[in-house]
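Working notes, structure below.
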Amino acid sequence: MIWQNVSALNISYFRDVGRSQNMKAIEAEGLRKEFSSGVVAVAGIDLEIREGEIFGFLGPNGAGKTTTVRMLTTLLRPTAGRATVAGYDIYSHQHEIRRSIGVALQEAGLDAMATGRELLAMQAKLFGVSTSQANNRAAELLELVGLVDAADRHVKTYSGGMKRRLDLASALVHSPAILFLDEPTEGLDPASRQTIWQEISKLNSQFGVTVFLTTHYLEEADRLANRLAIIDRGRIVAEGTPSGLKASISGDVVTVAVSPERRDHAGSILSQLEGIKELRSEEASLTLFVNDGTGVVADVIRMLDSAGVPVGSVAISQPTLDEVFLRATGSRLEGAEATQDGGKTL
Ligand SMILES: Nc1ncnc2c1ncn2[C@@H]1O[C@H](COP(=O)(O)OP(=O)(O)O)[C@@H](O)[C@H]1O
Ligand SMILES: [Mg+2]
Numbered sequence: 031m032i033w034q035n036v037s038a039l040n041i042s043y044f045r046d047v048g049r050s051q052n053m054k055a056i057e058a059e060g061l062r063k064e065f066s067s068g069v070v071a072v073a074g075i076d077l078e079i080r081e082g083e084i085f086g087f088l089g090p091n092g093a094g095k096t097t098t099v100r101m102l103t104t105l106l107r108p109t110a111g112r113a114t115v116a117g118y119d120i121y122s123h124q125h126e127i128r129r130s131i132g133v134a135l136q137e138a139g140l141d142a143m144a145t146g147r148e149l150l151a152m153q154a155k156l157f158g159v160s161t162s163q164a165n166n167r168a169a170e171l172l173e174l175v176g177l178v179d180a181a182d183r184h185v186k187t188y189s190g191g192m193k194r195r196l197d198l199a200s201a202l203v204h205s206p207a208i209l210f211l212d213e214p215t216e217g218l219d220p221a222s223r224q225t226i227w228q229e230i231s232k233l234n235s236q237f238g239v240t241v242f243l244t245t246h247y248l249e250e251a252d253r254l255a256n257r258l259a260i261i262d263r264g265r266i267v268a269e270g271t272p273s274g275l276k277a278s279i280s281g282d283v284v285t286v287a288v289s290p291e292r293r294d295h296a297g298s299i300l301s302q303l304e305g306i307k308e309l310r311s312e313e314a315s316l317t318l319f320v321n322d323g324t325g326v327v328a329d330v331i332r333m334l335d336s337a338g339v340p341v342g343s344v345a346i347s348q349p350t351l352d353e354v355f356l357r358a359t360g361s362r363l364e365g366a367e368a369t370q371d372g373g374k375t376l
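Going by the working numbering, the sequence shown runs without a break in its numbering and finishes at 376.
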């Protein structure tokens, strides 16, 4: 089995992070990036990520996720703020940080003409090991991410999911304590996404690797992250465990479909509803945060009906992370994946 083979790796590297018992894997304070174009991509964020955690960084395209990853991985100099990664300062100890982390970036370019095995062996050699050690390491990693059968094929023949697994393997060449994954499943089909999730979970649970994972997929953050921060327009707007964040919206969510032309009128009527905690308008719907969904549905329909506003549908649900996002920012995250980077049209 894969994991027996893996035990042959020098996994002490994975665990050899204990410079201090309660050391934070990642800490940031007031981290900010303003590009010369004047775009404030990250507007001063604080982070505290414990060793062994899977930390989710959830936000729509253009929110500042990649910029944050690039600053923490010492690829981009912040405009202001401070941060430590694996206990090392990002300004003064870049070399030590790079040795302690693995990074799979969103725009990672794999050499399509090389085979998976060649690419991994080459990566390993960059860390100064002998050719035979590099070949052994490549073989272990191919096993780890389930690419043994495809190991000697050119990367250009790999599916999207296989390329991501190879990305993951190449970030693990030097057995890093902290792994940065920038949108690891973006654009993948649901089955490939599940495979990547399983691999990330295994790395975390069996080797104690701390994972900093960015995503704009709600389900990914919900399923994988022990804790998460929601980022929007460069700011962290909510933070906590997935269940804690959902529980912070106590009660029910009632979604009322109305035509865009009548929406504002319907909104002003429903804001009078007894027991309403908050109301958010979107294109063709209104979202009501209430204590008791079933208790208000009849009132919603009656009030809109007597004002002559046709109601498309009324749905009651439990709060999801999408509603956490909606409550915090006024717009929904779901569906944001269709937009272009930087062009956030929610
Ligand atoms: N090199 C750059 N120069 C100028 N603006 C940039 C640069 N990189 C990113 N941005 C802008 O910064 C914002 C955040 O981008 P990014 O961190 O890539 O967001 P995300 O990864 O969450 O999609 C966007 O408005 C983006 O257009
Ligand atoms: Mg990005």
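Heads up, the beta-carbon is just placed ideally off N, CA and C, and yes, glycines get one too.
Computed from a prediction, not measured in an experiment: that's the story for all the values here.
**Report entry** Heavy atom of ligand 2 within 8 Å of D262 beta-carbon
**Finding:** No, ligand 2 has no heavy atom inside 8 Å of this Cβ.
Requested in this report: Please classify M143: is it buried, with 16 or more other beta-carbons within 10 angstroms of its beta-carbon, or exposed?
Outcome: By the 10 Å Cβ count, M143 comes out exposed.
Query raised in the report: Buried or exposed: where does D252 fall if 16 or more other Cβ atoms within 10 Å of its Cβ makes it buried?
Result: With 16 or more other Cβ atoms within 10 Å, it is buried.
Query - For G132, the residue or residues it bridges with in DSSP - result: Among the bridge pairs identified by DSSP, G132 is matched with L209.
Query raised in the report: Just checking my contact of G82 with G190 at CB under 8 Å: how many whole Å lie between their CB atoms?
Result: That belief does not hold up - the Cβ atoms of G82 and G190 are roughly 29 Å apart, past 8 Å.
Query raised in the report: Which one or two residues does DSSP pair with T240 in a beta bridge?
Result: Secondary-structure assignment with DSSP links T240 through a beta bridge to I208.
Report task. Leaving aside the five residues before and after Q51 along the sequence, list all residues of the same chain whose C-beta is less than 7 Å from its C-beta, in chain order. Result -> A caution first: Q51 carries a pLDDT of 47, below 50, which makes its placement in the model unreliable, though a value can still be read off. Same-chain partners within the cutoff: there are none.
Query raised in the report: A314 by DSSP, collapsed to three states: which one?
Result: In the three-state DSSP reduction, A314 falls in the coil class, being neither helix nor strand.
Query raised in the report: With distances taken between CB atoms, is the gap from V344 to V327 smaller than 9 Å?
Result: V344 places its beta carbon less than 9 Å from that of V327.
**Report entry** F65 beta carbon less than 9 Å from that of A71
**Finding:** Taking the C-beta atoms as reference points, F65 is found nearer than 9 Å to A71.
Query raised in the report: Buried or exposed: which applies to R357, given that a residue is buried once 16 or more other Cβ atoms fall within 10 Å of its Cβ?
Result: The residue in question, R357, is buried, as its Cβ has 16 or more Cβ neighbours within 10 Å.
Query raised in the report: Can you find at least 3 beta carbon pairs, one from the region 82–95 and one from the region 241–250, that sit closer than 8 Å?
Result: Enough Cβ pairs lie closer than 8 Å, so yes.
Query raised in the report: In whole angstroms, what separates the C-alpha of E312 from that of G274?
Result: Their Cα atoms are separated by approximately 25 Å.
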